[in-house]
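Undergrad: Take the UniProt record's numbering: the last position of the sequence shown gets the number 180, and nothing is skipped along the way. Cβ atoms here follow ideal geometry from the backbone N, Cα and C, with glycine treated the same way. Because the structure is a prediction, the values reported are computed rather than measured. What follows is a single structure, and I will ask about it in a moment.
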Amino acid sequence: MTNARSSYDELASADWLHLTEGERVRWAGRPSWLTIAVSVAAGVGIALVGIVLTVWLSGTNVPSWLVYLPLALVLVGAGRVCLTYLNWIRLLYVITDEEIYVKRGLVSRDVTQIRLDRIQNTAYNQSVLQRLFSYGDVMIYTAGTSTEDVTFHGVPDPERVKQTLTRLLSESRAPRSGGL
């Protein structure tokens with residue numbers, strides 16, 4: 001928990017996250033790494049095929065320019081891995097005491113911000129495979145709409161994320177005690 005808390009504290013200083021006095025980050029995360037595993041594995045596989053073909057062709061009597069042609073597969077595979085990773089790190093979900101945020105982008109930025117008092121309901125779902133690997137989607141519905149407004153796609157332990165939201169929603173709606 002100490003590592004998570006310190007990373008939350010670092011996140012609180014992000015220029016796109018507008019925390020009010022006393023507001024704290026309660027949860028932050030991105031999609032599970034498992035959501036990109038197949039694409040990364042495919043990229044690595046393509047690169048390995050390129051390396052194997054290059055080595056194999058170098059032992060044959062083909063023209064030298066043809067020996068190095070499969071190296072293009074290495075570039076394609078490496079490019080796929082890099083793009084998949086960049087696409088993954090560009091997405092960040094944040095829950096604070098008062099709001100939820102969805103940040104997309106590395107250089108350019110698209111930030112969706114919803115106050116907790118606008119949230120009407122939350123839900124989560126997991127397929128069998130997602131349940132096996134402990135990730136899934138958390139849907140957040142806001143007041144006045146019949147469709148989900150925000151979905152945290154592929155987050156690790158979606159039940160815990162939903163419970164965090166439910167607890168914060170209960171706390172924000174509970175009557176505040178205090179003297180008049």
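In whole angstroms, what is the alpha-carbon distance linking T84 and A174?
TA: As a working mapping, residue 84 is identified with position 84 in the sequence shown. As a working mapping, residue 174 is identified with position 174 in the sequence shown. When rounded, the distance between both Cα atoms is 42 Å.
Undergrad: Can you tell me which of the three DSSP states Y85 falls into?
TA: Position 85 of the sequence shown, counted from the first residue, corresponds to residue 85. Residue state, collapsed to three classes: helix.
Undergrad: For a minimum of 3 consecutive residues, which ranges assigned as the beta strand (DSSP E) are wholly contained in the region 117-168?
TA: 119-125, 135-142 and 150-156
Undergrad: Could you tell me the alpha carbon to alpha carbon distance between Y141 and T54, rounded to whole angstroms?
TA: In the sequence shown, counting from the first residue as 1, residue 141 sits at position 141. In the sequence shown, counting from the first residue as 1, residue 54 sits at position 54. Using only the alpha carbons, I get a separation of about 53 Å.
Undergrad: How many angstroms separate the CA atom of K103 from the CA atom of L132?
TA: If you number the sequence shown from 1, residue 103 lands on position 103. If you number the sequence shown from 1, residue 132 lands on position 132. Computed Cα separation, rounded: 27 Å.
Undergrad: Would you call the region 40-56 and the region 65-73 in contact, with 3 or more CB pairs under 8 Å?
TA: yes
Undergrad: Here's the rule I'm using: 16 or more other beta-carbon atoms within 10 Å means buried, otherwise exposed. How should D143 be labelled?
TA: Taking the sequence shown and counting its residues from 1, one reaches residue 143 at position 143. The residue you asked about is not Asp; residue 143 is Ala in the sequence shown. By the neighbour-count rule (16 or more Cβ atoms within 10 Å), A143 is not buried but exposed.
Undergrad: Apart from the five residues on each side of it in sequence, which residues of its chain come closer than 7 Å, Cβ to Cβ, to E98?
TA: One-based indexing of the sequence shown puts residue 98 at position 98. These residues qualify, in order along the chain: T20, E23, R115 and L116.
Undergrad: Please determine, among M139, T166, L57 and T122, the residue with the shortest C-alpha to C-alpha distance to H153.
TA: Counted from its first residue, the sequence shown places residue 153 at position 153. When only C-alpha atoms are compared, the closest one is M139.
Undergrad: As a quick exercise: from I46, H18, D137 and L69, pick the residue whose alpha carbon is nearest that of T122.
TA: In the sequence shown, the residue the question calls residue 122 occupies position 122. Here the closest residue by C-alpha is D137.
Undergrad: Specify, as a first and last residue, the run of the alpha helix (DSSP H) that A37 falls within.
TA: Numbered from its first residue, the sequence shown carries residue 37 at position 37. Residues L34 to S58.
Undergrad: Just the Cα atoms here: how many angstroms apart are Y68 and S58?
TA: Numbered from 1 along the sequence shown, position 68 holds the residue referred to as residue 68. Numbered from 1 along the sequence shown, position 58 holds the residue referred to as residue 58. Approximately 8 Å, taken between the alpha carbons.
Undergrad: Can you find the residues in the same chain that come closer than 7 Å, C-beta to C-beta, to M1, ignoring five residues on each side of it along the sequence?
TA: For this step, residue 1 is matched to residue 1 along the sequence shown. In this prediction, M1 has a pLDDT of 43, which is less than 50 and means its spatial position is unreliable; nothing more can be read from the coordinates.
Undergrad: Along the chain, where does the alpha helix (DSSP H) containing N65 start, and where does it finish?
TA: Position 65 of the sequence shown holds residue 65. Per the sequence presented here, residue 65 reads as Trp, with Asn not at that position. Note, W65: alpha helix (DSSP H), S64 to V67.
Undergrad: Out of V44, I95, P31 and G105, which has the shortest C-alpha to C-alpha gap to R167?
TA: Here residue 167 refers to the residue found at position 167 of the sequence shown. Comparing Cα-Cα distances from R167 to each of V44, I95, P31 and G105, the minimum goes to I95.
Undergrad: Go ahead and pull the three-state DSSP assignment for E23.
TA: Locating residue 23 in the sequence shown gives position 23, where the first residue counts as 1. In the three-state reduction of the DSSP assignment, E23 falls in the coil class, being assigned neither a helical nor a strand state.
Undergrad: With DSSP collapsed to three states, give me the class of H18.
TA: The count along the sequence shown starts at 1 and reaches residue 18 at position 18. It is coil, neither helix nor strand.
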